[in-house]
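**Student:**
Numbering (this note's numbering), first residue to last: 378 to 773.
(1) Would you mind working out which of 639, 533, 767, 596 sits nearest residue 551, comparing C-alpha positions?
(2) How long is the line joining the alpha carbons of residue 757 and residue 517, rounded to whole angstroms?
(3) In angstroms, rounded to a whole number, what distance separates the CA positions of residue 646 and residue 484?
(4) Could you compute how far the alpha carbon of residue 667 sits from the alpha carbon of residue 720?
(5) Restricting to runs no shorter than 3 residues, where is the beta strand (DSSP E) found entirely within the segment 668-738?
(6) Would you list the residues sitting across from residue 592 in a DSSP beta bridge?
(7) Alpha carbon to alpha carbon, how far is residue 639 from residue 602?
(8) Work out the CA separation of residue 616 and residue 650 for me, nearest whole Å.
(9) Three or more C-beta pairs closer than 8 Å, one from the segment 560-574 and one from the segment 704-714: is that the case here?
(10) Could you give the distance in angstroms between the alpha-carbon of residue 631 and the alpha-carbon of residue 490?
(11) Span of the beta strand (DSSP E) holding residue 564?
(12) By the 10 Å Cβ neighbour count, where 16 or more other Cβ atoms means buried, how is residue 574 classified, buried or exposed?
(13) With residue 634 as the anchor, note down where its beta strand (DSSP E) starts and where it stops.
(14) Within the same chain, show all residues whose beta-carbon is closer than 7 Å to that of residue 577, passing over the 5 residues directly before and after it, in chain order.
(15) If you count every other CB in all the chains shown that lies within 10 Å of the CB of residue 515, and 16 or more means buried, which is it?
(16) Relative to the alpha-carbon of residue 598, which residue among 684, 760, 767 has its alpha-carbon at the smallest distance?
(17) To the nearest angstrom, how far is the alpha carbon of residue 620 from that of residue 748?
(18) Taking the straight line between their C-alpha atoms, what separation do you get for residue 581 and residue 510?
(19) Exposed or buried, which one is residue 553 when buried takes at least 16 other CB atoms within 10 Å?
(20) Candidates 624, 660, 605, 682: which alpha carbon is nearest residue 635's?
(21) Taking 7 Å as the limit between beta carbons, can you name the residues of its chain near residue 390, skipping five residues before and five after?
(22) Cα separation between residue 727 and residue 560?
(23) Under 7 Å, do residue 665 and residue 699 count as touching if we go by C-beta distance?
(24) Quick check on the DSSP output: what are the complete beta strand (DSSP E) runs of length 3 or more inside the segment 596-621, in order along the chain?
(25) Could you give the distance in angstroms between the alpha-carbon of residue 536 and the alpha-carbon of residue 502?
(26) Put residue 571 into one of helix, strand or coil per three-state DSSP.
(27) Can you grab the Cα-Cα spacing for the pair residue 505 / residue 648, in whole Å?
(28) Can you tell me where the alpha helix (DSSP H) holding residue 523 begins and where it ends?
Written out as structure tokens, the structure is:
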């Protein structure tokens, strides 16, 4: 059996009383503990520590502590296991530094206007920490945009702002971004890609990344036609043509309605709009390692990916990974959750980047109370404002 580097000869000598070779088989438990300790600051490692200790005791036929009083011969062995796991955790945690956080994290999320509860959505957004850029589709109105922006900002040690698209009526597009990190150069919509003005114009912001050498790029959110195949296919062509003319890197998130079937993968069925958009490799899909449906299973095309993250220009050269996020209790009509899953992507940008401060999420109960108090005050001010407006009308 090969020996893990962290287990030195001295450690193996120390572990001899409980059969070092058998313990080596459970070394992975210590590795898991060390990884967890590094990623959580030891917050949850203790619980896993005792679970691992109990599993090793069971595998080696050693009684638990509550049984050990009647079997004192096992007492030193039990303590040895505890010490062994402590040594493994410490050696691995010190020998292997924590992986660096990604340079840039973006999320695309269709929040389902008219079907979801904005309070639920705000909490879901707040629970996803470490996100730099959000692209939302199906944003109902300005109030929804503000609530989503508050959710994006919660616990992030940074200020956020939101840009709301003008088109789409009750299904608008919005971008929330970290204003401490990004300088907003300009914002605009691509009106010609809103076929016949019946859906939504792609929403784009041009930003400079203060944390990464002032890297300048475009971030956009899309929500393509659902009811018109012809319109969606044309939008794919227009997005391809637009990207060909851009000199800056582009990251695009959104609900593209491309019905990319999970079963069959690249050889399976997908909408022609996907082919039109990615023609000549103008756009590259930041493909999740594991494909899964991005919408509720009762949709017209179950088992399909509708939500994507694409890169164009030099952004295609940035190493990237993505994931389809499964939220707790997702798709619940009773809880009024969105019928889509968020898509997250991590990018490594060129050059050295200054890591952001770690998120500091406040106590959830305190945060909710503070928010409720503020909402109550806002409601009272609105009532007072309405009363004043009514009095003014009577005087006029």
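Every residue, glycine too, gets a C-beta built ideally from N, C-alpha and C.
**Tutor:** Put simply:
(1) With distances taken between Cα atoms, residue 551 lies closest to 596.
(2) Their backbone Cα atoms lie some 24 Å apart in a straight line.
(3) Taking the CA atoms as reference points, residue 646 sits about 25 Å from residue 484.
(4) Between the C-alpha atoms of residue 667 and residue 720 there is a straight-line separation of about 12 Å.
(5) For the segment 668-738, whole beta strand (DSSP E) runs of length 3 or above, ordered along the chain, are 681-689, 697-701, 720-724.
(6) For residue 592, which the question treats as bridged, DSSP gives the partners 586.
(7) Cα-Cα distance, rounded: 21 Å.
(8) Straight-line Cα distance between these residues: approximately 10 Å.
(9) Touching, no.
(10) In a straight line, the C-alpha of residue 631 is about 15 Å away from that of residue 490.
(11) Counting along the chain, the beta strand (DSSP E) containing residue 564 begins and ends at 559-566.
(12) Per the 10 Å Cβ criterion, exposed.
(13) Unbroken beta strand (DSSP E) run through residue 634: 627-638.
(14) The residues are 542, 544, 545, 548, 549, 550, 571, 600.
(15) Taking a 10 Å sphere around the C-beta of residue 515, we find 16 or more other C-beta atoms and assign the residue as buried.
(16) Comparing alpha carbon positions, the residue from 684, 760, 767 closest to residue 598 is 684.
(17) Linking residue 620 to residue 748 through their CA atoms gives a straight-line distance of about 41 Å.
(18) If I take the Cα positions, the gap works out to 12 Å.
(19) Sixteen is the threshold: when 16 or more other Cβ atoms of the shown chains lie within 10 Å of the Cβ of residue 553, as they do, the residue is buried.
(20) Minimum Cα distance to residue 635 is reached at 682.
(21) Because the pLDDT at residue 390 is just 48, under 50, the model does not fix this residue reliably, and the point stays unresolved.
(22) Looking at the backbone, the Cα of residue 727 and that of residue 560 are separated by about 18 Å.
(23) In this structure, residue 699 lies closer than 7 Å to residue 665 by Cβ.
(24) The segment 596-621 contains no whole beta strand (DSSP E) run of 3 or more residues.
(25) The C-alpha of residue 536 lies about 15 Å from the C-alpha of residue 502.
(26) Of the three classes helix, strand and coil, the one that applies to residue 571 here is coil, per DSSP.
(27) The alpha-carbon of residue 505 is positioned some 30 Å away from that of residue 648.
(28) Run containing residue 523: 519-530, per the alpha helix (DSSP H) assignment.
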